[in-house]
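Protein chains in written order, with our numbering: chain A, 1 to 272; chain B, 273 to 653; chain C, 654 to 869. Note that beta-carbon positions come from the ideal geometry of N, C-alpha and C, so glycine has one too. Owing to the predicted nature of the structure, the values given are computational and were not obtained by experimental measurement.
Written out as structure tokens, the structure is:
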């Protein structure tokens with residue numbers, strides 16, 4: 001019996017995980033959230049920006065991993081629009097423009113932001129490194145037009161923006177290794193302030209950057225999105241719902257590991 | 273009475289005028305300098321000024337630029353009040369510029385600084401800020417080259433046992449005994465990725481053994497250039513072993529360039545073909561566990577290796593052996609036992625000792641309040 | 654010649670690219686930008702190579718009727734449909750967007766979601782207190798997992814209320830990530846970096862040449 005439990009068919013684990021993911025999504029149970037320091041720092045930085053400032057959001061994730069960065073994008077953009085901070089969107093991922101453009105349009109519509117005045121989406125250009133470095137000199141050299149094919153020079157909110165000097169912050173919403181590239185090339189070379197919102201699976205590699213001050217803020221996966229929503233007093237946001245689901249999945253894994261170890265010890269004692 | 277009121281009013285106006293004049297005097301940006309930005313390609317000039325006192329009511333600064341006797345032009349928009357420098361990167365090289373920093377008060381009054389002396393942007397031939405980095409690079413390269421050529425003398429070099437590489441023969445032997453194939457996955461990197469090149473070197477060694485054992489070697493690639501290089505590498509191994517007949521080009525093929533479609537394709541191969549041994553060597557991202565866990569589920573012996581340190585926990589949990597970080601790069605030397613390659617490993621160790629000593633020395637000095645090592649390293653950009 | 658020319662090119666470009674990191678002068682930086690542009694120009698050719706290789710692989714499968722050869726038609730169908738819709742009408746075309754939203758996004762998301770299931774089964778198998786080191790790993794993993802979720806703080810505070818560490822699992826998690834995790838990661842990163850430099854020197858000097866394949 002114990003041996004059977006220890007070598008449990010992985011499909012049983014799969015079914016249990018499916019249940020703990022599906023049930024809390026259908027029946028939301030609100031859990032208390034404590035805001036961590038890295039998320040608080042990002043919130044405070046954006047909150048103290050003067051109205052009319054501009055931040056840039058890099059949507060560096062693919063359709064596979066959109067579940068975590070999208071709630072973060074939503075929360076941050078909502079904050080920016082409420083403070084009168086303008087947002088420039090772009091991506092280093094070839095298959096993301098459609099996704100990011102639609103997302104920006106949707107969030108902007110919810111917050112009554114106007115395209116070209118409060119936000120724009122630049123789209124994608126190949127060669128991540130060249131794009132990051134090129135925008136440091138002149139954004140219009142890299143993106144002559146925005147995603148909707150309007151020349152950059154004709155867009156009202158871009159009239160006083162030439163390069164990173166006029167950008168108050170770059171928020172990299174990432175599912176891969178792009179944050180490192182932004183830090184190395186945009187922060188080190190051009191002094192652009194960088195913050196990140198990344199999927200939980202790559203969060204561990206971000207902490208050294210946070211410690212050295214190369215990242216001014218960090219949102220870790222669903223947790224980060226839920227924390228930001230709490231700071232904005234948004235109830236039942238996508239991040240909070242996602243975090244609830246993730247919480248039960250975590251608890252299931254913790255429970256399984258504990259039971260597996262109890263079974264392991266009892267089995268070992270019996271064998272001895 | 274009227275006279276007294278008028279007199280008081282005149283006094284007030286005078287006082288206000290004097291105080292405004294005084295505050296304007298103090299609000300004018302002081303010590304304004306314009307210099308050629310050091311360590312750049314000559315495409316910018318840096319303007320610096322002293323921070324204004326807190327009570328001057330300055331809301332921001334504007335930078336005004338003039339070429340020779342031309343007109344003043346405003347550049348860069350309104351800078352925040354706490355700014356004390358501005359890099360003008362919109363200059364023409366060889367042209368002399370003078371600058372004025374204009375302080376803008378909350379009442380939208382403006383006060384100009386003195387005009388700076390003319391300055392031109394010139395490019396430098398060496399980035400002085402990178403001197404420590406340059407010296408470190410030279411020292412480390414010299415250590416590696418010295419050890420490589422020293423190794424040619426034939427002196428035996430000790431290399432510690434790496435279980436993951438020791439297990440290569442076991443894995444290949446098992447696949448041969450079971451009459452099943454071997455699956456070799458190079459990860460997501462292109463040919464410009466050093467980890468992919470290291471993986472190709474290991475593949476070359478694996479292919480030599482599969483040529484001997486006549487075990488099918490399947491290599492799905494996710495990058496077309498990698499595919500062509502890999503075909504050459506494997507073909508050479510089979511030729512070197514005198515088994516060109518056993519080489520089958522169709523076993524090395526392009527699957528897809530998309531990360532998760534690639535993972536799905538590899539997982540499908542694992543489930544259908546049930547290879548006895550799986551090698552996961554190279555650069556991996558979130559797909560690492562998808563492949564390693566599927567490999568585990570079919571009971572294959574799995575040897576992983578990656579320099580993507582955040583994927584190591586997944587490989588360690590799901591694979592039998594894992595090459596951690598630099599072990600991947602040491603693999604070619606370890607498997608081939610070529611003296612020159614082994615020599616470079618020793619050079620690497622010298623580099624590690626140097627870094628270790630620097631860290632220890634830095635920590636000890638910091639404990640005694642001496643921070644020149646920290647300052648020196650912080651200056652490296 | 655087949656080996657000498659690539660080796661000479663590799664040496665030349667390798668040395669020049671290293672120098673561009675230390676020489677900021679415009680001539681050298683122009684050279685750097687030129688090399689980067691060459692890289693960009695080469696990338697589309699790789700794409701063409703990918704398409705040719707894919708067609709070759711699947712045509713061979715169909716011709717030889719290898720196992721599951723029928724699926725190769727799906728590859729051709731997918732490729733033809735996306736090219737026919739995407740190239741003439743652009744990526745903002747409604748059909749293209751529909752295909753993207755309803756085919757690419759769910760399929761990619763499904764593969765990524767599998768991670769949740771695989772992480773659970775791998776964790777169940779791997780976290781066993783078989784030895785002292787494995788026990789340390791197990792305890793650390795438990796704390797980090799508890800700290801990752803808000804409910805973890807509640808559980809932690811209930812269980813640890815009688816100890817001096819009763820201020821929430823998130824604090825303990827953060828300490829583990831900031832101190833232990835960062836220290837271990839930095840060690841690995843330093844080793845990897847030295848390995849990369851060493852491997853690069855071997856490649857630039859032509860000592861490591863197995864990646865060039867055969868031929869003289």
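Item	Value
CB contact below 7 angstroms: residue 422 of chain B versus chain C	no
Nearest-angstrom Cα separation, counted from residue 556 of chain B out to residue 329 of chain B	55 angstroms
Exposure label - residue 504 of chain B; buried when at least 16 CB within 10 Å	buried
Neighbourhood of residue 709 of chain C by C-beta distance below 6 angstroms, restricted to the same chain and skipping five residues each side	none
Contact with chain B by residue 848 of chain C, beta-carbon distance below 7 angstroms	yes
Identity of the residue in A/12, A/190 and A/53 nearest residue 118 of chain A by Cα	A/53
Residue 151 of chain A (DSSP reduced to helix, strand or coil)	strand
Chain-ordered chain A contacts of residue 691 of chain B [CB-CB under 9 angstroms]	Limits of chain B in this structure are 273 at one end and 653 at the other, which puts residue 691 of chain B out of reach.
CB contact below 7 angstroms: residue 525 of chain B versus chain A	no
4-residue-minimum alpha helix (DSSP H) runs that sit fully inside the region 119 to 164 of chain A, ordered along the chain	128 to 137 and 139 to 142
C-alpha distance - residue 768 of chain C paired with residue 151 of chain A, whole-angstrom precision	41 angstroms
Residue 12 of chain A, enclosing beta strand (DSSP E) - first and last residue	No beta strand (DSSP E) contains residue 12 of chain A, which is instead part of the alpha helix (DSSP H) from 10 to 26.
Cβ of residue 677 of chain C within 7 angstroms of any chain D Cβ	Looking for chain D here will not work: the only protein chains present are A, B and C.
Beta strand (DSSP E) segment containing residue 357 of chain B, residue limits	357 to 360
Sufficient close CB pairs (3 or more, under 8 angstroms) joining the region 673 to 682 of chain C to the region 489 to 498 of chain B	no
Separation of residue 223 of chain A from residue 762 of chain C, as counted between CA atoms	19 angstroms
Residue 826 of chain C classed as buried or exposed, judged by whether at least 16 other C-beta atoms fall within 10 angstroms	buried
Residue from A/51, A/17 and A/31 with nearest C-alpha to residue 157 of chain A	A/51
Pair within 7 angstroms by beta-carbon distance, residue 202 of chain A and residue 582 of chain B	yes
Neighbouring residues, chain A, relative to residue 769 of chain C (Cβ below 8 angstroms)	17, 21 and 249
Candidates B/347, B/543 and B/623: closest to residue 407 of chain B by CA position	B/623
Top-ranked residue by Cα proximity to residue 28 of chain A, from A/249, A/79, A/262 and A/242	A/242
Residue 61 of chain A (DSSP reduced to helix, strand or coil)	coil
Endpoints, alpha helix (DSSP H) assigned at residue 77 of chain A	69 to 83
Below-7 angstroms beta-carbon distance, residue 798 of chain C vs any chain A residue	yes
Length-filtered (4 minimum) alpha helix (DSSP H) runs lying within the region 557 to 635 of chain B	559 to 569, 584 to 590 and 598 to 608
Opening and closing residue of the alpha helix (DSSP H) in which residue 703 of chain C lies	679 to 717
Distance between residue 331 of chain B and residue 379 of chain B (C-alpha atoms, nearest Å)	9 angstroms
Selected residue, minimal CA-CA separation from residue 656 of chain B, among B/512, B/481 and B/524	Because residue 656 of chain B is not part of the residues shown, which for chain B are 273 to 653, the question remains open.
Cβ contact (3+ pairs, closer than 8 angstroms) linking the region 510 to 520 of chain B and the region 734 to 754 of chain C	no
Stretch-stretch touch, CB-based, cutoff 8 angstroms, three pairs: the region 81 to 96 of chain A with the region 122 to 129 of chain A	yes
Test: residue 205 of chain A CB closer than 7 angstroms to a CB of chain B	yes
Cβ-based burial, residue 112 of chain A [other Cβ within 10 Å; buried from 16]	exposed
Cβ-Cβ separation, residue 26 of chain A to residue 244 of chain A (assumed contact under 8 angstroms), whole Å	Not confirmed; about 11 angstroms, so no contact.
Boundaries of the alpha helix (DSSP H) in which residue 533 of chain B is found, first to last residue	531 to 545
Residue 86 of chain A - containing beta strand (DSSP E), residue span	86 to 91
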